[in-house]
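Engineer:
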Amino acid sequence: MGYDHQAIEQRWQAYWADHQTFAVEIDRERPKFYVLDMFPYPSGNGLHVGHVEGYTATDIIARYKRMRGFNVLHPMGWDAFGLPAERYAMKTGRHPEQTTRDNCANFRKQLQRLGFCYDWSREINTTDPGYYKWTQWIFLQMWGHYYDRQAGRARPIEALPIPEEVRAAGTRAVAEYRDGRRLAYLQESPVNWCPDLRIVLANEEVAEIVDAGHEVVRKPMKQWMLRITEYAERLLSDLEGLDWPPHVLEIQRNWVGRSEGAEIDFAVEGHEDAGALTVFTTRPDTLHGATYMVLAPEHPLVERITTEAQREAVTAYVDQTLHRTERDRQSASIEGRKTGVDTGARALHPLTGAHLPIWIADYVLMGYGTGAIMAVPAHDERDHAFAKAMALPIVQVVAPADPAKAAAIDVQSEAFVDEGVAVSSPVIDGLPTPQAKTTMTGYLVTQNLGRARVTYKLRDWLFSRQRYWGEPFPLVHDADGTVRPLPTQDLPVELPPMADFDPSETGEPPLSKATDWVALPDGSRRETNTMPQWAGSCWYYLRFVDPRNSSLPWSKEAEDYWMPVDLYVGGVEHAATHLLYSRFWHKVLYDLGHVHEPEPFRRLVNQGIILGAVFMPSDGRRDAEGKKLTFLPDEVDVHEEDGQVRYTVKQTGEPVDIQWDKMSKSKGNVVNPDEVVATYGADSVRMYEMFMGPLEQSAPWQTEGLAGVHRFLARVHRLYFEEGKQAGDRVQAGGEGDRLRALAPGEGTPRQRKLLHKTIHEVTERIERMSFNTAIASMMVFVRDIVPRGADGGAEPLPRDAAEQFALLLAPFAPHLAEQLWSALGHERSLIDEPWPAADEALLREDTFTLVVQVDGKRRTEVSAPKDASRDELAALARATDEVQRFLEGREPKRVIVVPGRLVNFVG
Ligand code: ANZ
1 MGYDHQAIEQ RWQAYWADHQ TFAVEIDRER PKFYVLDMFP YPSGNGLHVG HVEGYTATDI
61 IARYKRMRGF NVLHPMGWDA FGLPAERYAM KTGRHPEQTT RDNCANFRKQ LQRLGFCYDW
121 SREINTTDPG YYKWTQWIFL QMWGHYYDRQ AGRARPIEAL PIPEEVRAAG TRAVAEYRDG
181 RRLAYLQESP VNWCPDLRIV LANEEVAEIV DAGHEVVRKP MKQWMLRITE YAERLLSDLE
241 GLDWPPHVLE IQRNWVGRSE GAEIDFAVEG HEDAGALTVF TTRPDTLHGA TYMVLAPEHP
301 LVERITTEAQ REAVTAYVDQ TLHRTERDRQ SASIEGRKTG VDTGARALHP LTGAHLPIWI
361 ADYVLMGYGT GAIMAVPAHD ERDHAFAKAM ALPIVQVVAP ADPAKAAAID VQSEAFVDEG
421 VAVSSPVIDG LPTPQAKTTM TGYLVTQNLG RARVTYKLRD WLFSRQRYWG EPFPLVHDAD
481 GTVRPLPTQD LPVELPPMAD FDPSETGEPP LSKATDWVAL PDGSRRETNT MPQWAGSCWY
541 YLRFVDPRNS SLPWSKEAED YWMPVDLYVG GVEHAATHLL YSRFWHKVLY DLGHVHEPEP
601 FRRLVNQGII LGAVFMPSDG RRDAEGKKLT FLPDEVDVHE EDGQVRYTVK QTGEPVDIQW
661 DKMSKSKGNV VNPDEVVATY GADSVRMYEM FMGPLEQSAP WQTEGLAGVH RFLARVHRLY
721 FEEGKQAGDR VQAGGEGDRL RALAPGEGTP RQRKLLHKTI HEVTERIERM SFNTAIASMM
781 VFVRDIVPRG ADGGAEPLPR DAAEQFALLL APFAPHLAEQ LWSALGHERS LIDEPWPAAD
841 EALLREDTFT LVVQVDGKRR TEVSAPKDAS RDELAALARA TDEVQRFLEG REPKRVIVVP
901 GRLVNFVG
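Written out as structure tokens, the structure reads:
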């Protein structure tokens with residue numbers, strides 16, 4: 001009958017499910033290993049072959065570790081809140097809850113068909129009230145704590161010291177003081193509001209909507225924020241001990257964006273009472289080169305200092321900026337589009353007393369530093385472009401240390417941004433930049449004009465969304481405006497059933513229309529924002545350790561045993577957001593004593609992207625509208641010409657070129673896992689995806705490659721079975737149609753033993769390195785060579801020992817076929833708890849080497865010598881050769897030099 005992957009895979013999937021093979025419990029007798037996938041958003045498109053790649057990698061590790069004696073936690077769940085389900089509901093009228101349920105069921109079925117060894121009894125879903133109850137609970141922990149900078153950790157808000165004058169001002173003042181310091185706090189923040197569509201947009205959605213011709217404005221709204229900035233330093237320093245890809249560490253560092261510099265105070269002429277205009281700079285050494293100042297248009301001083309003559313222009317400019325998003329402003333600034341208006345006010349240079357014009361311009365952002373800068377056009381590119389555009393002076397205060405180079409630069413035409421030595425700068429003249437910076441900062445401190453300061457690019461996390469399909473906040477607003485958390489026993493606050501998810505006319509979130517839900521009997525009102533999609537994924541890995549606990553988010557015992565995650569595999573697209581957010585939550589939970597280590601994910605691996613083929617006309621021809629023409633794989637014929645692969649369009653014969661691109665529905669180059677699993681089997685698909693190349697690299701999907709791996713597995717099957725010829729021969733338990741071949745008893749020939757142990761050694765070492773493609777290559781060599789070609793291997797049939805050990809090696813990669821082989825070998829239980837094969841070290845060594853025999857330093861002959869031979873044995877071996885015997889003619893040589901592992905030399 002041959003390799004019937006369908007029957008085999010069905011049989012073993014049913015067996016694993018029936019026997020709960022992968023359900024795990026805490027077991028203090030065994031070491032634990034927690035291997036986690038980034039859980040998917042269950043989209044309507046179903047599983048993607050890209051998912052399969054990462055999930056297969058973790059599955060191999062999970063099975064391998066289990067066979068090595070670890071108690072392996074390998075769970076799966078659904079990150080199921082989010083916009084697509086809500087959008088889909090708006091289009092079709094199907095409630096997100098229904099869509100989510102169906103999509104999860106589909107994903108689960110697809111994953112089960114691939115034979116992944118998840119403990120399905122631990123499945124979780126972020127939209128399940130039993131789950132989001134605890135998401136809400138964690139939010140309340142943040143609300144109930146503040147960050148104690150002295151102690152360097154979060155503490156209960158009740159422990160916050162209240163200054164005397166605040167206490168004296170009454171309970172209301174104390175409450176406000178506390179609210180202003182909680183880790184979760186309300187703030188009036190601008191959102192992207194589209195009045196035409198009546199929706200609030202996420203930053204990344206703005207461009208698309210504006211392109212479609214709609215207006216998007218920045219509109220202030222009370223929003224929940226999380227004080228992640230307090231954790232900036234720890235989010236940086238704790239990266240130190242992590243086994244993560246260097247580029248992800250770099251992305252995390254950049255996201256936190258630590259800058260060391262100084263704050264410098266400038267007085268504003270005529271407004272000396274208004275308090276200083278403070279700037280943040282990373283280059284205090286360039287203070288003498290400041291020729292003008294720039295405030296962010298939203299800066300609170302603008303209103304106050306603008307002169308009458310400039311008021312109209314300033315107001316118009318501020319208005320215009322409000323309509324632009326921060327991202328848009330940044331990109332305009334990078335592209336060099338400089339706009340701004342003079343406020344008419346003048347700042348006084350703290351060292352020279354010079355009058356510097358104060359401008360407003362949108363290249364200065366309110367959210368960074370102090371929202372104000374001293375502009376040094378000679379040494380900063382943005383300032384240079386602005387100064388050129390506005391005809392402002394440019395004064396050089398840094399020069400290259402090398403005089404030849406110094407003579408060559410002209411700051412009037414181009415900014416000199418590198419380090420060098422300070423010039424035209426009393427106090428620091430001649431000092432190299434790093435020293436100039438610290439000396440100037442020190443000087444400013446002594447003059448009471450400034451201070452050293454560290455800033456971070458990281459912003460507090462805007463944590464509310466004006467959406468329906470997300471976690472409701474577990475808080476109510478009392479009539480007097482105070483916020484009241486709900487007690488844990490009142491959680492979860494469940495989403496009210498609704499059918500209409502449009503926001504209200506005024507942009508209030510959709511939940512505001514569930515009036516019965518919003519209004520509580522005591523006159524208070526529920527919060528109507530929901531949490532962002534990131535919320536549920538910030539802590540799901542913790543819920544997996546104790547997913548059915550209804551009285552706690554997780555038990556201390558389970559957290560203590562299973563955490564941290566030992567291996568986390570997922571896409572690099574989460575390098576900044578998800579990984580930073582979850583690390584932040586974890587640190588808060590750590591401060592509060594709910595987890596025992598400050599970092600959640602010990603080792604991180606990013607899998608590459610699987611690319612799909614698209615075909616384009618070789619002559620670059622486009623369609624009538626000038627759009628690129630593409631053809632799909634099944635519209636194209638492949639043939640060989642002059643030893644080269646050529647592609648032509650089936651219908652027209654037009655030559656086309658192949659290109660590899662990220663798979664996407666719109667390009668039509670998506671490979672559906674269900675189809676390839678049906679045709680080739682889960683084991684082939686799993687193994688092929690691991691054979692495509694190193695896990696971290698992107699690789700093109702080629703169905704011919706998949707077919708090749710399938711042939712390999714069929715060959716494995718033939719190695720073990722005499723395949724029945726009659727139709728109707730089926731692979732049953734015990735293998736009715738296909739009889740196990742007659743195996744040689746024991747370990748086989750020395751050659752076979754050696755090959756087996758080499759394979760065990762290589763596969764083991766390569767799995768450890770997650771170099772799965774090379775591990776598979778090693779198995780392929782084994783299957784090719786273990787039994788010499790010909791019917792039964794002649795004198796070397798498959799030995800029982802090799803048959804058993806190889807089935808075990810194959811198990812992490814092609815688990816269904818491996819179980820089939822194992823059971824055919826007469827074992828009754830799954831091989832998942834069999835010990836992983838151990839290579840016999842002695843067999844790995846090449847046991848002989850070529851010994852060179854010399855006479856008077858000249859090579860005369862060579863002999864094969866045992867590697868472990870002693871010096872005397874080597875000398876004796878060499879002496880026994882004809883050549884040496886002839887030379888010595890019975891006498892003793894003057895000297896015998898032995899170089900173990902290489903040569904023996906007879907002298908004189
Ligand atoms: C004077 C100066 C001279 C600067 C010079 C740079 C070079 P990073 O490294 O990104 O932290 N800056 C400060 N606050 C800003 C804001 N709110 N919006 C836009 N720009 C701001 O950059 C710090 C530098 O960015 C600061 O140092 C400041 O310009 C500018 F030769 O001050 B600098």
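The working numbering puts the sequence shown at residues 1 to 908.
We put the beta carbon where it would ideally sit given N, CA and C, even for glycine.
If you're wondering where the values come from, they're calculated on a predicted model, not measured in any experiment.
In terms of alpha-carbon separation, which member of Arg-11, Gly-2, Ala-14, Ala-23 lies closest to Asp-833?
Structural biologist: When only C-alpha atoms are compared, the closest one is Ala-23.
Engineer: Mark Ala-824 as exposed unless 16 or more other C-beta atoms lie within 10 angstroms of its C-beta, in which case mark it buried.
Structural biologist: Buried, because 16 or more other Cβ atoms sit within 10 Å of the Cβ of Ala-824.
Engineer: With three or more C-beta pairs closer than 8 Å as the rule, is the segment 385-403 touching the segment 420-432?
Structural biologist: yes
Engineer: Check whether the segment 69-78 touches the segment 113-123, taking contact to mean three or more Cβ pairs, one atom from each stretch, closer than 8 Å.
Structural biologist: yes
Engineer: For the alpha helix (DSSP H) that contains Arg-859, what are its first and last residues?
Structural biologist: Where Arg-859 is concerned, there is no enclosing alpha helix (DSSP H), although the beta strand (DSSP E) it sits in stretches over 858-866.
Engineer: Say yes only if the C-beta of Ile-251 is nearer than 7 Å to one or more non-hydrogen atoms of ligand 1, and no if none qualify.
Structural biologist: no
Engineer: In whole angstroms, what is the alpha-carbon distance linking Leu-756 and Phe-782?
Structural biologist: 7 Å
Engineer: Between the alpha carbons of Glu-597 and Phe-584, how many angstroms are there, rounded?
Structural biologist: A straight line joining the alpha-carbon of Glu-597 with that of Phe-584 spans about 13 Å.
Engineer: Using a Cβ-based criterion (distance less than 7 Å to any ligand heavy atom), does Thr-127 qualify as near ligand 1?
Structural biologist: no
Engineer: I think Trp-224 touches Ala-184, with their Cβ atoms under 8 Å apart; what is that distance to the nearest whole Å?
Structural biologist: 6 Å
Engineer: Hey, is the segment 573-582 in contact with the segment 252-259, meaning 3+ C-beta pairs nearer than 8 Å?
Structural biologist: With a cut-off of 8 Å, the segment 252-259 and the segment 573-582 count as touching, because enough Cβ pairs lie within range.
Engineer: Quick check on DSSP: helix, strand or coil for Asp-923?
Structural biologist: No answer is possible for residue 923: the residues shown for the chain start at 1 and end at 908.
Engineer: Can we count Gly-371 as close to ligand 1, meaning its CB is less than 7 Å from some heavy atom?
Structural biologist: If you check the C-beta of Gly-371 against ligand 1, you find a heavy atom less than 7 Å away.
Engineer: Under 8 Å: do the segment 664-676 and the segment 753-767 share three or more Cβ pairs, one atom per stretch?
Structural biologist: no
Engineer: Would you call Ser-537 buried or exposed, if buried means 16 or more other Cβ atoms sit within 10 Å of its Cβ?
Structural biologist: buried
Engineer: Specify whether the segment 561-568 and the segment 203-214 touch according to this definition: at least 3 beta carbon pairs, one from each stretch, less than 8 Å apart.
Structural biologist: no
Engineer: Touching or not, the segment 84-96 and the segment 836-851, by the rule of three or more beta carbon pairs under 8 Å?
Structural biologist: Output reads no: the segment 836-851 does not touch the segment 84-96.
Engineer: Quick one: Cα of Ser-524 to Cα of Ala-479, how far?
Structural biologist: 6 Å
Engineer: Which of the three DSSP states, helix, strand or coil, is assigned to Ile-428?
Structural biologist: coil
Engineer: What first and last residue would you give for the alpha helix (DSSP H) that runs through Pro-129?
Structural biologist: 129-143
Engineer: With H, G and I counted as helix, E and B as strand and the rest as coil, what does DSSP make of Asn-905?
Structural biologist: strand
Engineer: Rounded to whole angstroms, how far is the Cβ of Glu-53 from the Cβ of Ala-682, which I believe are closer than 8 Å?
Structural biologist: So it is not a contact: roughly 14 Å between Cβ atoms.
Engineer: Scan the segment 663-721 and note each continuous alpha helix (DSSP H) run of 4 residues or more that stays entirely inside, going in chain order.
Structural biologist: 673-680, 682-691, 703-720
Engineer: Give me the Cβ distance between Leu-743 and Arg-800, rounded to the nearest whole Å; I'm assuming they're in contact under 8 Å.
Structural biologist: Sure, about 4 Å apart at Cβ, within 8 Å.
Engineer: For Val-565, name the three-state secondary structure that DSSP assigns.
Structural biologist: strand
Engineer: Quick check on the DSSP output: the alpha helix (DSSP H) that includes Pro-156 runs from which residue to which?
Structural biologist: From DSSP, Pro-156 is part of no alpha helix (DSSP H) but of the beta strand (DSSP E) over 153-156.
Engineer: Just to confirm, are Asp-79 and Phe-39 a CB contact at a threshold of 8 Å?
Structural biologist: The answer is yes: Cβ separation under 8 Å.
Engineer: My parser needs the beta strand (DSSP E) runs of 3 or more residues fully inside the segment 768-816; what are they?
Structural biologist: none
Engineer: The beta strand (DSSP E) that contains Ser-259, what's its start and end?
Structural biologist: 258-268
Engineer: So, are the CB atoms of Phe-473 and Asn-549 less than 8 Å apart?
Structural biologist: no
Engineer: Run the CB neighbour count on Ala-267, radius 10 Å, all protein chains shown included, and call it buried at 16 or more, exposed below.
Structural biologist: With 16 or more other Cβ atoms inside 10 Å of its own Cβ, Ala-267 counts as buried.
Engineer: So which of Thr-703, Ser-698, Leu-740, Val-709 has the shortest CA-CA distance to Asp-718?
Structural biologist: Checking the sequence, you will find Arg at residue 718 rather than Asp. Nearest option by C-alpha distance: Leu-740.
Engineer: Determine the direct distance from the alpha carbon of Ile-786 to that of Gln-752, and round the result to whole angstroms.
Structural biologist: 6 Å
Engineer: Using DSSP bridges, identify the partner residues of Val-899.
Structural biologist: Leu-903
Engineer: On a Cα-Cα basis, can you pick out the residue from Val-341, Ser-413, His-355 that is closest to Ala-347?
Structural biologist: His-355
Engineer: Going by beta carbon distance, what residues of the same chain come within less than 6 Å of Tyr-443, once the five residues before and after it are set aside?
Structural biologist: Cβ neighbours of Tyr-443 beyond the five flanking positions: Val-427.
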